[in-house]
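Colleague: Protein chains in written order, with my numbering: chain A, 1 to 363; chain B, 1 to 420. Dumping the structure here so I can ask a few things about it.
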């Protein structure tokens, strides 16, 4: 078991390394130099104005833009200067550390993403504020997805072939194809103070006068604001997961031990919930790895529409302002977060299901 | 198991074709198709699912609407007779896009009968009776012709004001407008934010443009993006998946890591990050969607190839000394295609969702109408104009559902076990 965990973590480390490489490649796409302000190209103009020389200098330092890209091979060509002589090991060290990518990696390891072009605040601070809000939304959505999808899937499987089964299956299939931005706009138009009903607030997370409320009032206010965005985040994964639950249940019901249980004369209830359900529900854990990226990706649209200052909103705003440090940090962290979700779901699956073998889990 | 798109060489080594469990026992058509061509068998099974069939019809209609957009919705008369002179303004005003789509539609309609005709000739008969080579040749020639016409078509601007005929300010002897006589970019500033009516079936937006007209012209972007992005996914995913599954070992684990790395990037975050460095163009959007979404194809291909490489017909091909690329392309790939085709169909639905989501956020081509961009206008007017959000969204929903239903139908017809 320990071997498995270590193996999984090692793979994850390789993947994380790949993620940093790809993020770094994206940075290189920047037209010319992201901080270039030479005469031919003119100063860097963003939507919020010209980037100041100070910020450019700071970014230049962060990304080390005057250095070679991956490895500093120049060091082998240089003849030792008048100063201290450069030995083999020293050169090797310089080769691997004094280039853009290793420097950038070093900054990331130290949780230093530079300063935002927009408001000069540290990127890590901005991200932390956004991440807290996004994670609350996503975890609430994830819990709801599982809490609703499992009973629905069981219902459809137990009543296989009946009106209920067909109804649930068709409705879920339709729901699965609904574009999230359309659902969000419809919810706002029809429930969120549009032309029709005004049940839920269409924007933000707190009401204007929330500071004056008691803590329970503030909690209710927060929940009231969360209803629409969480609904938007939930329905897609819900449809996806309950179809798996249904087919998983149907698979388990065909197994020999269910026939044995039936032959023993156990009640249908016991068979369904003690024998079939428990075996069908465990594999669902691995689907966290599939739903979580969807939740994070969907947060861009949902948070933008509902004006929630989370990660998705942050990258959208930074995109509009061409705020490169924030964009790169957020896209790197979102990928790392997805990777974390994958690892957690793999390990969790192994913990709850002792039958899982070493090579099955470690892909 | 059903094979298509290639020869059946070696396939007999695998488990013998099962009798069709999905086909009902009723009717004489079962035995007729049991030994028929595999595309016939596939079609026969696909037809059993009424929803999938209906979706196919819907998609065909949408494609037709996309190709014939200027004839369905536009502010130029199809035919007009003024002072005894007969002119076709709509033809004179065709843009490069219009020609491209019309020629593409022509290609599709012509390719099938022409390839049938070619097959009937003796000269082609021997080789092409079994392989789809004739179809491929005809399709390639016609596609090239389409590209040639589309790319060399001169952009024209017509300055005649035909709106005066439509609005009754001037009269002609005979004048026939498209069913929807409003251009997608025609701004009627006196007609802003009109609710749906007989004149404007789906209402007008804040600049007075007819929403239905914009939606018809916006169909093109969705389909172009769906096909191109999925084509890019297939090229990358098939190539990497084949190599990983065929060679295994170190190559496989390298490519598997790459697959996992790309999977980790949430689509919207990756696309936004890259697009922030690039000019807004539909080309980049398509390319990026393809670049972000290929891992699912690669994973499926790899899994199929890992299964197939153990089979005896691959061993036989290896023993014959065939080069690796030939074994992969001619022996293994045709047998691995079924799940990939299903995944590609689901992928088209996904690509449309991503594209419309991006244009909803205001990212993507400016100036061309697209469904997502139409929907994004609801923002400022959600208190007064519900039609701005209902109709464009419904178009996206219908198209995505149709693609998903076809994917389901194909999955059942091909007897594949993958989930969307």
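We put the CB at the ideal spot given by N, CA and C, even for glycine.
If we ignore side chains and look at the alpha-carbon of each, how far apart do residue 408 of chain B and residue 368 of chain B end up?
Modeller: Counting from one through the second chain, the residue named residue 408 of chain B turns up at place 408. Counting from one through the second chain, the residue named residue 368 of chain B turns up at place 368. The straight-line gap from Cα to Cα measures roughly 32 Å.
Colleague: To be precise: take each residue of the segment 247-277 of chain A, compare its Cβ to all Cβ atoms of chain B, and keep it if any distance is under 9 Å. Which residues remain?
Modeller: Listed in sequence order: 247.
Colleague: Return the CA-CA distance between residue 331 of chain B and residue 310 of chain B, expressed in angstroms with no decimal places.
Modeller: Position 331 of the second chain, counting from 1, holds the residue named residue 331 of chain B. Position 310 of the second chain, counting from 1, holds the residue named residue 310 of chain B. Residue 331 of chain B and residue 310 of chain B: Cα-Cα distance of roughly 13 Å.
Colleague: Quick one: does residue 322 of chain A have its CB under 8 Å from some CB of chain B?
Modeller: Residue mapping note: residue 322 of chain A aligns to position 322 of the first chain, counting from 1. By this cut-off, residue 322 of chain A is an interface position.
Colleague: On the CB-based measure, 16 or more other CB atoms within 10 Å of its CB, does residue 8 of chain A come out buried or exposed?
Modeller: Position 8 of the first chain, counted from the start, is the residue given in the question as residue 8 of chain A. Classification for residue 8 of chain A: buried.
Colleague: Just how far apart, CA to CA, sit residue 19 of chain A and residue 338 of chain A?
Modeller: One-based indexing of the first chain puts residue 19 of chain A at position 19. One-based indexing of the first chain puts residue 338 of chain A at position 338. Roughly 11 Å separates the two Cα atoms.
Colleague: Can you give me the Cβ contacts of residue 196 of chain A inside the same chain, cut-off strictly under 6 Å, excluding the 5 residues immediately before and after it?
Modeller: On the first chain, position 196 is the one that residue 196 of chain A refers to. Excluding residues within five positions, the ones whose Cβ falls inside 6 Å are 190.
Colleague: Taking Cβ positions only, does residue 286 of chain A come closer than 8 Å to chain B?
Modeller: Taking the first chain and counting its residues from 1, one reaches residue 286 of chain A at position 286. No - not a single Cβ of chain B is within 8 Å of the one on residue 286 of chain A.
Colleague: Let's see if you can read the secondary structure: which residues bound the alpha helix (DSSP H) around residue 190 of chain A?
Modeller: One-based indexing of the first chain puts residue 190 of chain A at position 190. Element bounds for residue 190 of chain A: 180-190.
Colleague: Run through chain A and tell me which residues come within less than 9 Å of residue 393 of chain B, C-beta to C-beta.
Modeller: Taking the first residue of the second chain as position 1, residue 393 of chain B is located at position 393. Here the neighbours are 178, 179, 181, 182, 183, 185, 186.
Colleague: So what does DSSP say about residue 93 of chain B, is it helix, strand or coil?
Modeller: If you number the second chain from 1, residue 93 of chain B lands on position 93. In this structure, residue 93 of chain B counts as coil in the three-state DSSP scheme.
Colleague: Apart from the five residues just before and just after residue 231 of chain A, which ones in its own chain have a Cβ nearer than 6 Å to its Cβ?
Modeller: Sequence index remark: in the first chain, residue 231 of chain A carries index 231 (1-based). The answer is none, since no qualifying residue turns up.
Colleague: At which residue ranges does the segment 181-240 of chain B contain complete alpha helix (DSSP H) runs of 4 or more residues, listed in the order of the chain?
Modeller: Whole alpha helix (DSSP H) segments, 4+ residues: zero.
Colleague: Applying the criterion that 16 or more other CB atoms from any shown protein chain within 10 Å of the CB defines a buried residue, is residue 351 of chain A buried or exposed?
Modeller: If you number the first chain from 1, residue 351 of chain A lands on position 351. With fewer than 16 Cβ atoms within 10 Å of its Cβ, residue 351 of chain A is classed as exposed.
Colleague: Could you tell me the distance, in whole angstroms, from the CA atom of residue 15 of chain B to the CA atom of residue 231 of chain B?
Modeller: The residue labelled residue 15 of chain B in the question sits at position 15 within the second chain. The residue labelled residue 231 of chain B in the question sits at position 231 within the second chain. Note that residue 15 of chain B has pLDDT 39, beneath the 50 cutoff, so the model's placement of it is unreliable and the number below is only indicative. Rounded to whole angstroms, residue 15 of chain B to residue 231 of chain B spans 31 Å at the Cα level.
Colleague: Any beta-carbon of chain E closer than 8 Å to the one on residue 386 of chain B?
Modeller: Going by chain labels, chain E is absent from the structure shown, which instead holds the protein chains A and B.
Colleague: Ignore the nearest five residues each way along the sequence and tell me which others in residue 39 of chain A's own chain have a CB closer than 8 Å to its CB.
Modeller: Taking the first chain and counting its residues from 1, the one referred to as residue 39 of chain A is at position 39. Note on residue 39 of chain A: pLDDT 36, under 50, position unreliable in the model; no value is reported.
Colleague: Counting only beta-carbon separations shorter than 8 Å, does residue 211 of chain B have a partner in chain A?
Modeller: Numbered from its first residue, the second chain carries residue 211 of chain B at position 211. Not an interface residue.
Colleague: For the candidate residues B:84, B:328, B:276, B:349, whose alpha-carbon lies nearest to that of residue 173 of chain B?
Modeller: As a first step, residue 173 of chain B must be located in the second chain, where it is residue number 173. Residue 173 of chain B has its Cα closest to that of B:84, out of B:84, B:328, B:276, B:349.
Colleague: By Cβ distance, which residues of its chain are closer than 8 Å to residue 216 of chain B, with the 5 residues on each side in sequence left out?
Modeller: In the second chain, the residue the question calls residue 216 of chain B occupies position 216. So the qualifying residues of the chain are 65, 66, 69, 72, 73, 180, 184.
Colleague: Rounded to whole angstroms, what's the CA-CA distance from residue 378 of chain A to residue 284 of chain A? Just pull it up for me.
Modeller: The structure shown does not extend to residue 378 of chain A, since chain A is modelled only from 1 through 363, so no value can be given for it.
Colleague: Provide the residue span of the alpha helix (DSSP H) that contains residue 365 of chain A, from first to last.
Modeller: Nothing can be reported for residue 365 of chain A: it is not among the residues displayed for chain A, which extend from 1 to 363.
Colleague: In chain A, which residues lie less than 8 Å from residue 257 of chain B when you measure between Cβ atoms?
Modeller: Residue mapping note: residue 257 of chain B aligns to position 257 of the second chain, counting from 1. 11, 14, 15, 18, listed in chain order.
Colleague: Hey, how far is the Cα of residue 247 of chain B from the Cα of residue 382 of chain B?
Modeller: Working through the second chain from its first residue, we reach residue 247 of chain B at position 247. Working through the second chain from its first residue, we reach residue 382 of chain B at position 382. Their Cα atoms are separated by approximately 56 Å.
Colleague: So for residue 127 of chain A, helix, strand or coil by DSSP?
Modeller: Here residue 127 of chain A corresponds to residue number 127 of the first chain, with the count starting at 1. It is helical.
Colleague: Any beta carbon from chain A within less than 8 Å of residue 404 of chain B's own beta carbon?
Modeller: On the second chain, residue 404 of chain B is found 404 positions in, with the first residue counted as 1. Chain A, which has a Cβ nearer than 8 Å to the Cβ of residue 404 of chain B, makes this yes.
Colleague: How long is the line joining the alpha carbons of residue 456 of chain B and residue 112 of chain B, rounded to whole angstroms?
Modeller: Residue 456 of chain B lies beyond the range of chain B shown here (1 to 420); nothing can be said about it.
Colleague: Between the Cα of residue 244 of chain A and the Cα atoms of A:311, A:201, A:173, A:108, which residue gives the shortest distance?
Modeller: Within the first chain, the letter at position 244 stands for residue 244 of chain A. Of the listed residues, the one whose Cα sits closest to residue 244 of chain A is A:173.
Colleague: Which residues of the segment 302-316 of chain A have a Cβ closer than 9 Å to any Cβ of chain B? Give them in chain order.
Modeller: Hits within the stretch, in order: 304, 305, 311, 312, 315, 316.
Colleague: Quick one: Cα of residue 227 of chain A to Cα of residue 200 of chain A, how far?
Modeller: Here residue 227 of chain A refers to the residue found at position 227 when the first chain is read from its first residue. Here residue 200 of chain A refers to the residue found at position 200 when the first chain is read from its first residue. Computed Cα separation, rounded: 8 Å.
Colleague: DSSP beta-bridge partners for residue 86 of chain B?
Modeller: Within the second chain, numbered from 1, the residue matching residue 86 of chain B stands at position 86. For residue 86 of chain B, which the question treats as bridged, DSSP gives the partners B:81.
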